[in-house]
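Participant: What follows is a single structure, and I will ask about it in a moment.
Number of protein chains: 2
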Amino acid sequence: MGKRELGLPSRAPSPEPGELPERVTIWEVGPRDGLQNEDEVVPSAVKLEFVHRLADAGLPVVETTSFVHPKWVPQLADATEVLDGLDRRAGTRYPVLVPNARGLDRAVDSGVTDIAIFASATESFARRNLNRGLDEQFEMFEPVVGRAVSEGMGVRGYVSMVFGDPWEGPVAIDQVVSVGRRLLDMGCSRLSLGDTIGVATPGLVEAVLRAFVAAGVSVDRLAVHFHDTYGQALSNTCAALRLGVTTVDASAGGLGGCPYAGSATGNLATEDLVWMLEGMGIEHGVDLEALVETSAWMARQLGRPSPSGVVRALAR
Amino acid sequence: MGKRELGLPSRAPSPEPGELPERVTIWEVGPRDGLQNEDEVVPSAVKLEFVHRLADAGLPVVETTSFVHPKWVPQLADATEVLDGLDRRAGTRYPVLVPNARGLDRAVDSGVTDIAIFASATESFARRNLNRGLDEQFEMFEPVVGRAVSEGMGVRGYVSMVFGDPWEGPVAIDQVVSVGRRLLDMGCSRLSLGDTIGVATPGLVEAVLRAFVAAGVSVDRLAVHFHDTYGQALSNTCAALRLGVTTVDASAGGLGGCPYAGSATGNLATEDLVWMLEGMGIEHGVDLEALVETSAWMARQLGRPSPSGVVRALAR
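Encoded structure:
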């Protein structure tokens, strides 16, 4: 971990981990969810170096890019170039967001083995983001998921606006569970429950997770995805860990804002998550020093300081 | 709460508060711990407006200033002027940090009814901050606490470097409990356990709190004081709430850095704490809109944006 070199004060290990998981898989979303929400369009070579450095730092999953139409996400218009240039590391997964059949064709052509689809828990966001209703979104996903599964791909189903929606306010938990179940029934192997606008607090996180478990969904099929817009991301993550969640989404350096939240802060910073896991004695496999150096380098590319507390405290 | 006016998405209340406290007392430290660590020396009139606005926003305790010698804390050299100008609101407490007998004299002269003393959990920080050893610090505090108690004052004992020390690394929990017990035995009514450099994680927080309880200290005599240097403050606070802590220190707008931590981030932002408490259905008595406006105003006085996620997201 190279803590001494970073000037980290060493800390006592967590003496009573209790019911916490022994190991957490960090699903790194910086190159995709982070960069797609940055104003800056980053050159493909920089993206590739970012992905390679993240994998080298030990991140087991690096969500690499997206085949959403460049009209909607110009920041990731170079998805094919990035995937063509990828030097895949054994043991690392490089999932790609795929919105439709055409995107899946491109993903297959690029040698992608893991995809993600992006669903909405609310009618309002489905209409605005997908241009169709809450129920109609499944018609769009079904052929994509079906074919991906038949190709032997892993398919992650993102559920967005799980904990609140900027147009609708609170979201009924039953509705969230129903959307998630339909994605699993369709063939998604796992779900990522997203607080897209960052409003959740720990009690609601627990309630949503318990509702999924009560509906027969095993907690090991659930990941959590928090945004730090209101400073709540790590606290919510900790609540999820206490309920047995073992996959946590995070973005190196806290890259990425949410265009619907009117704030400069983005995803939970991977470094802040690693700091907490390390302190709690939960295995994560990430070299924090290499990760901090990567995020500090990326912040220089973007020309602004990282919002991650850990990066600001440790980067030189 | 004026949430609609702030454009807050309303959220479902926490459905299962479980063992969480029903009510939390926020001990606002912005005017003291926040401003003493800012580079900028704020004019007395601005400090007074800050304290008055915080009390008007419903904060039950506003730690107002410090009688530490101006040579060490020039930012608060105007303690007497600020206290003389204070328009005390009924039901609000305005504690003041007092380092020694001379400071207590000045506090008494200024009509102060609640004081705080600032102790160290480690030898290294006692030597650097107080210029005496871990054991010798008590000789300094004893006459101050004794006289304050005989004057009918409430006396809070801060214990600093509880969860890590920049020179010593991990701090033995037994030593922390021993320092805390000596302060209580001396006459302190409550303790505030401080993560002065912001390195703590939830497992260690729980271990320290449990050790105090095992040593016969009731949890209602313990407050927690977290810094957000590594992004951990709110997560640690949540861990403390789960163990029954009901007094939480926070700083409006996240004011204040730690000169020993090499980072720009300071105390837990009061707004981020209020957002979490509100979402979890825990009473706090604070008007979030008034608080955000106060912090946004203070950020303008200091000429830099607030580090609080909630303030950045909601301030206009």
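Chains as they are written, first to last, in UniProt numbering: chain Y, 1 to 316; chain C, 1 to 316. Think of the CB as a built atom: it goes at the ideal place given N, C-alpha and C, for glycine as much as any other residue. Remember, it's a predicted structure, so these values are computed and weren't measured experimentally.
Please state whether DSSP places Y:ILE282 in a helix, a strand or coil.
Facilitator: Residue 282 of chain Y sits at position 282 when you count from the first residue of the first sequence. Of the three classes helix, strand and coil, the one that applies to Y:ILE282 here is coil, per DSSP.
Participant: Could you work out which residues of chain Y lie near residue 318 of chain C, taking near to mean beta carbons separated by less than 8 Å?
Facilitator: Nothing about residue 318 of chain C can be read from this structure; chain C reaches only from 1 to 316.
Participant: Is DSSP giving C:ARG132 helix, strand or coil here?
Facilitator: If you number the second sequence from 1, residue 132 of chain C lands on position 132. In the structure shown, C:ARG132 sits in coil (DSSP, three-state: anything other than H, G, I, E or B).
Participant: Identify the contact partners of C:CYS238 in chain Y, using a Cβ-Cβ distance below 8 Å as the criterion.
Facilitator: Within the second sequence, residue 238 of chain C is the residue found at index 238, counting from 1. Neighbours of C:CYS238 on chain Y, chain order: PRO202, SER235, CYS238 and ALA239.
Participant: Starting from C:ASP165, follow its DSSP beta bridges and name the residues at the other end.
Facilitator: The residue given as residue 165 of chain C occupies position 165 in the second sequence. The partner list for C:ASP165 (beta bridge, DSSP) reads C:GLY169.
Participant: Y:ASP114 and Y:MET153 look like a contact to me (Cβ under 8 Å); what is the Cβ gap, rounded to whole Å?
Facilitator: Working through the first sequence from its first residue, we reach residue 114 of chain Y at position 114. Working through the first sequence from its first residue, we reach residue 153 of chain Y at position 153. Rounded, the Cβ-Cβ distance is 6 Å, consistent with contact.
Participant: Run through DSSP, which three-state label would residue 333 of chain Y get?
Facilitator: What is shown of chain Y runs 1 to 316, which leaves residue 333 of chain Y out entirely.
Participant: Check whether the Cβ atoms of Y:ARG156 and Y:ARG190 sit closer than 8 Å, and answer yes or no.
Facilitator: The residue you call residue 156 of chain Y lines up with position 156 of the first sequence. The residue you call residue 190 of chain Y lines up with position 190 of the first sequence. Cβ distance < 8 Å, so Y:ARG156 and Y:ARG190 count as in contact.
Participant: If you measure beta-carbon to beta-carbon, which residues of the segment 275-299 of chain Y are closer than 7 Å to chain C?
Facilitator: Listed by position, the residues of the segment 275-299 of chain Y near chain C (Cβ gap below 7 Å) are TRP275, MET276, GLY279, MET280 and GLY281.
Participant: Please return the same chain residues whose Cβ sits closer than 6 Å to the Cβ of C:TYR94, not counting the five positions on each side in sequence.
Facilitator: Residue mapping note: residue 94 of chain C aligns to position 94 of the second sequence, counting from 1. Contacts found: VAL62 and THR64.
Participant: For the segment 99-107 of chain Y against the segment 64-74 of chain Y, do three or more pairs of beta-carbon atoms, one drawn from each stretch, fall closer than 8 Å, so that the two count as touching?
Facilitator: Short answer: they touch.
Participant: Please look up how many angstroms separate the CB atoms of Y:TYR158 and Y:ALA200, rounded, as I've assumed it's under 8 Å.
Facilitator: Locating residue 158 of chain Y in the first sequence gives position 158, counting from the first residue. Locating residue 200 of chain Y in the first sequence gives position 200, counting from the first residue. Actually they do not touch by this definition, with Cβ atoms about 15 Å apart.
Participant: Per the contact definition of three or more C-beta pairs closer than 8 Å, is the segment 292-310 of chain C in contact with the segment 48-55 of chain C?
Facilitator: A contact exists between the segment 48-55 of chain C and the segment 292-310 of chain C.
Participant: Mind checking C:LEU291: buried by the 16 CB within 10 Å criterion, or exposed?
Facilitator: Start at 1 with the first residue of the second sequence, and residue 291 of chain C comes out as number 291. Buried, by the Cβ-count rule.
Participant: With 8 Å as the limit, tell me which residues of the segment 151-165 of chain C have their beta carbon closer than that to any beta carbon of chain Y; keep them in chain order.
Facilitator: Under the 8 Å Cβ criterion, the segment 151-165 of chain C contributes PHE163, GLY164 and ASP165.
Participant: Given a limit of 7 Å on CB to CB distance, which residues of the segment 171-182 of chain C reach chain Y?
Facilitator: So the list is empty, because no residue satisfies the distance condition.
Participant: Would you identify the three-state DSSP class for Y:GLY309, choosing helix, strand or coil?
Facilitator: Here residue 309 of chain Y refers to the residue found at position 309 when the first sequence is read from its first residue. Residue state, collapsed to three classes: helix.
Participant: How would you label Y:GLU40, buried or exposed, when you count the other beta carbons within 10 angstroms and need 16 or more for buried?
Facilitator: In the first sequence, counting from the first residue as 1, residue 40 of chain Y sits at position 40. So Y:GLU40 ends up on the exposed side.
Participant: Taking only runs of the beta strand (DSSP E) that begin and end inside the segment 191-226 of chain C, which ones reach a length of at least 3 residues, in chain order?
Facilitator: Listed in chain order, they are 222-226.
Participant: Roughly how many whole angstroms lie between the Cα atoms of Y:ALA269 and Y:GLY253?
Facilitator: The sequence position of residue 269 of chain Y within the first sequence is 269, counting from 1. The sequence position of residue 253 of chain Y within the first sequence is 253, counting from 1. Distance between the alpha carbons of Y:ALA269 and Y:GLY253: 5 Å.
Participant: Taking a contact to mean a Cβ-Cβ separation below 8 Å, would you say C:THR247 touches C:THR92 in this structure?
Facilitator: Numbered from 1 along the second sequence, position 247 holds the residue referred to as residue 247 of chain C. Numbered from 1 along the second sequence, position 92 holds the residue referred to as residue 92 of chain C. Taking 8 Å as the Cβ cut-off, C:THR247 and C:THR92 do not qualify as a contacting pair.
Participant: Taking 8 Å as the CB-CB limit, is Y:THR229 close to chain C?
Facilitator: As a position in the first sequence, residue 229 of chain Y is number 229, starting the count at 1. Y:THR229 counts as touching chain C.
Participant: Kindly list, in the order they appear in chain Y, the residues whose Cβ is closer than 7 Å to that of C:SER308.
Facilitator: In the second sequence, residue 308 of chain C corresponds to position 308, counting from 1. Neighbours of C:SER308 on chain Y, chain order: GLY231.
Participant: Quick one: grab the DSSP three-state call for Y:PHE138.
Facilitator: Counting from 1 along the first sequence, the entry for residue 138 of chain Y is found at position 138. Y:PHE138: helix per DSSP, three-state reduction.
Participant: For Y:THR80, I'd like the list of residues in its chain whose CB is within less than 7 Å of its CB, leaving aside the five on either flank, ordered along the chain.
Facilitator: The sequence position of residue 80 of chain Y within the first sequence is 80, counting from 1. Correct list, in chain order: ARG106 and SER110.
Participant: Using 8 Å as the limit for Cβ to Cβ distance, is Y:ALA45 near chain C?
Facilitator: Against the first sequence, residue 45 of chain Y aligns to sequence position 45. With 8 Å as the cut-off, Y:ALA45 does not count as an interface residue toward chain C.
Participant: If you reduce the DSSP assignment to three classes, tell me which class Y:ASP272 lands in.
Facilitator: The sequence position of residue 272 of chain Y within the first sequence is 272, counting from 1. In this structure, Y:ASP272 counts as helix in the three-state DSSP scheme.
Participant: So what does DSSP say about C:SER189, is it helix, strand or coil?
Facilitator: The count along the second sequence starts at 1 and reaches residue 189 of chain C at position 189. Note: C:SER189 maps to coil in three-state DSSP.
Participant: Among Y:SER218, Y:GLU206, Y:VAL149 and Y:ASN129, which residue has its Cα nearest to the Cα of Y:SER235?
Facilitator: For the purposes of this step, residue 235 of chain Y is identified with residue 235 of the first sequence, where counting begins at 1. Nearest C-alpha to Y:SER235: Y:GLU206.
Participant: Please work out which residues of its chain come closer than 6 Å, Cβ to Cβ, to Y:GLN75, disregarding the five sequence neighbours upstream and downstream, and give them in chain order.
Facilitator: On the first sequence, position 75 is the one that residue 75 of chain Y refers to. If we look at Y:GLN75 and ignore the five residues flanking it on each side, its Cβ neighbours are LEU35, GLN36 and VAL41.
Participant: Among the candidates Y:SER251, Y:ASN131 and Y:PHE212, whose CA atom is the shortest distance from the CA of Y:LEU243?
Facilitator: By one-based count along the first sequence, residue 243 of chain Y stands at place 243. The residue with the shortest Cα to Cα distance from Y:LEU243 is Y:PHE212.
Participant: Taking Y:ALA240 as part of the alpha helix (DSSP H), name the residues at either end of that continuous run.
Facilitator: As a position in the first sequence, residue 240 of chain Y is number 240, starting the count at 1. Residues 233-242.
Participant: What are the partner residues of Y:TYR158, as DSSP defines its beta bridges?
Facilitator: Residue mapping note: residue 158 of chain Y aligns to position 158 of the first sequence, counting from 1. Y:PHE118 and Y:SER192.
Participant: Report the rounded CA-to-CA distance for C:ARG312 versus C:ALA296, giving the unit in angstroms.
Facilitator: Residue mapping note: residue 312 of chain C aligns to position 312 of the second sequence, counting from 1. Residue mapping note: residue 296 of chain C aligns to position 296 of the second sequence, counting from 1. Computed Cα separation, rounded: 8 Å.
Participant: Compute the distance between the beta-carbons of Y:ALA172 and Y:PRO202, then report whether it is under 8 Å.
Facilitator: Residue 172 of chain Y sits at position 172 when you count from the first residue of the first sequence. Residue 202 of chain Y sits at position 202 when you count from the first residue of the first sequence. Contact flag unset, no.
Participant: At a Cβ threshold of 8 Å, is C:ALA269 touching chain Y?
Facilitator: Locating residue 269 of chain C in the second sequence gives position 269, counting from the first residue. At least one chain Y Cβ lies under 8 Å of C:ALA269.
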